[in-house]
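Note that the protein sequences, when read in sequence, are chains A and B. If you count the first sequence from 1, position 17 lands on 17 in this note's numbering, and the numbers rise without skipping. If you count the second sequence from 1, position 87 lands on 1087 in this note's numbering, and the numbers rise without skipping. For glycine and all other residues, C-beta sits at the position ideal for the given N, C-alpha and C. Comments concern the structure below.
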Amino acid sequence: QQQVKQSPQSLIVQKGGISIINCAYENTAFDYFPWYQQFPGKGPALLIAIRPDVSEKKEGRFTISFNKSAKQFSLHIMDSQPGDSATYFCAASGANDYKLSFGAGTTVTVRA
Amino acid sequence: KAGVTQTPRYLIKTRGQQVTLSCSPISGHRSVSWYQQTPGQGLQFLFEYFSETQRNKGNFPGRFSGRQFSNSRSEMNVSTLELGDSALYLCASSPWSSGANNEQFFGPGTRLTVL
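Right, here's the structure in full:
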């Protein structure tokens, strides 16, 4: 049973456009929500993360929006570039889980 | 700081054999986690070690085992390999002693193919 549900499975965006990926969770004990970026043949790389005490976090062109009451969080990629073409995973963990629960992943393709 | 290193990067084994994968965490990190990544099941948690103690274990059969050494390096072992064990095995390193310090950094993975 997947604890974190991620959508869409894939998306195509034009260069300069905005990519939006959504995740939802049920476990209210989760208190850490990272996003990972993975290129083919590579391990996932930590992109940005948020904790429930803030509703938004921005790092460069990447923004996480967090809605604690709805138990949802999303990744926005602004001004998408061809180099952003990758698979993105949301994840969640609780303080004493000692593990990450991952979403199924979203393959983003940025067309030049 | 050097990142997480995993060896070997690629392995080909046959059914019934066993395999040992190795992971060296980022210097100073004492938590090492292992994940299995497949196209069908995605990223699934195997186990996590901290200071040589297993603190959490995922829902995998007993053929999957691991250990951590006093220098924080970790190994995982899969015995009696099955075709379905073909996957990318990822190691993640974290300073995660307790509570909030749970950022995890992944290595490049070991690609295991079982024939």
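Taking the straight line between their C-alpha atoms, what separation do you get for residue i and residue j?
i, j, result
"A/D31", "A/R51", "6 angstroms"
"B/A1092", "A/V13", "31 angstroms"
"A/Q3", "A/D84", "26 angstroms"
"A/V110", "A/S19", "9 angstroms"
"B/S1051", "A/G17", "45 angstroms"
"B/F1105", "B/F1047", "15 angstroms"
"B/H963", "B/N1071", "Look at the range of chain B in this structure, 1001 to 1115, and you will see that residue 963 of chain B is not part of it."
"A/Y36", "B/S1074", "23 angstroms"
"B/L1083", "A/A104", "22 angstroms"
"B/R1063", "A/V108", "35 angstroms"
"B/N1102", "A/L47", "14 angstroms"
So what does DSSP say about residue i, is it helix, strand or coil?
i, result
"B/L1088", "strand"
"A/D31", "strand"
"A/G83", "helix"
"B/L1083", "helix"
"A/L100", "coil"
"A/V108", "strand"
"B/N1077", "strand"
"A/S74", "strand"
"B/N1059", "coil"
"B/L1115", "coil"
"A/E56", "strand"
"A/Q3", "coil"
"A/V13", "strand"
"B/G1016", "coil"
"B/V1004", "coil"
"A/N22", "strand"
Taking CB distances under 8 angstroms as the criterion, tell me whether residue i reaches chain A.
i, result
"B/G1109", "yes"
"B/Q1104", "yes"
"B/N1071", "no"
"B/S1024", "no"
"B/L1043", "yes"
"B/S996", "Nothing in the structure corresponds to residue 996 of chain B, since chain B is present only between 1001 and 1115."
Examine chain B for any beta-carbon lying closer than 8 angstroms to the beta-carbon of residue i, and answer yes or no.
i, result
"A/K115", "Outside the displayed range of chain A (1 to 112) lies residue 115 of chain A, so it cannot be described from this structure."
"A/S10", "no"
"A/K5", "no"
"A/Y32", "yes"
"A/F89", "yes"
"A/S93", "yes"
"A/L100", "yes"
"A/L46", "yes"
Just confirm the distance between the C-beta atoms of residue i and residue j, as a whole number of angstroms; I'd bet it's less than 8 angstroms.
i, j, result
"B/L1090", "B/G1107", "6 angstroms"
"B/Q1006", "B/T1110", "5 angstroms"
"A/T87", "A/Q38", "5 angstroms"
"A/P44", "A/F89", "6 angstroms"
"A/A49", "A/F66", "Between A/F66 and A/A49 the Cβ distance is about 10 angstroms, and since that is not below 8 angstroms, they are no contact."
"B/Q1068", "B/Y1049", "4 angstroms"
"B/P1025", "B/V1032", "5 angstroms"
Does any residue of chain D bring its CB to less than 8 angstroms from the CB of residue i?
i, result
"A/A86", "In the displayed structure, chain D is absent; the protein chains listed are A and B."
Give a yes or no on contact between the region 1041-1050 of chain B and the region 97-109 of chain A, applying the rule of three or more CB pairs nearer than 8 angstroms. Touching, yes.
At least three beta-carbon pairs within less than 8 angstroms, the region 13-25 of chain A to the region 1069-1079 of chain B: By the Cβ rule, the region 13-25 of chain A does not count as touching the region 1069-1079 of chain B, because fewer than three pairs are nearer than 8 angstroms.
Does the region 22-29 of chain A come close enough to the region 69-77 of chain A to have 3 or more Cβ pairs within less than 8 angstroms? A contact exists between the region 22-29 of chain A and the region 69-77 of chain A.
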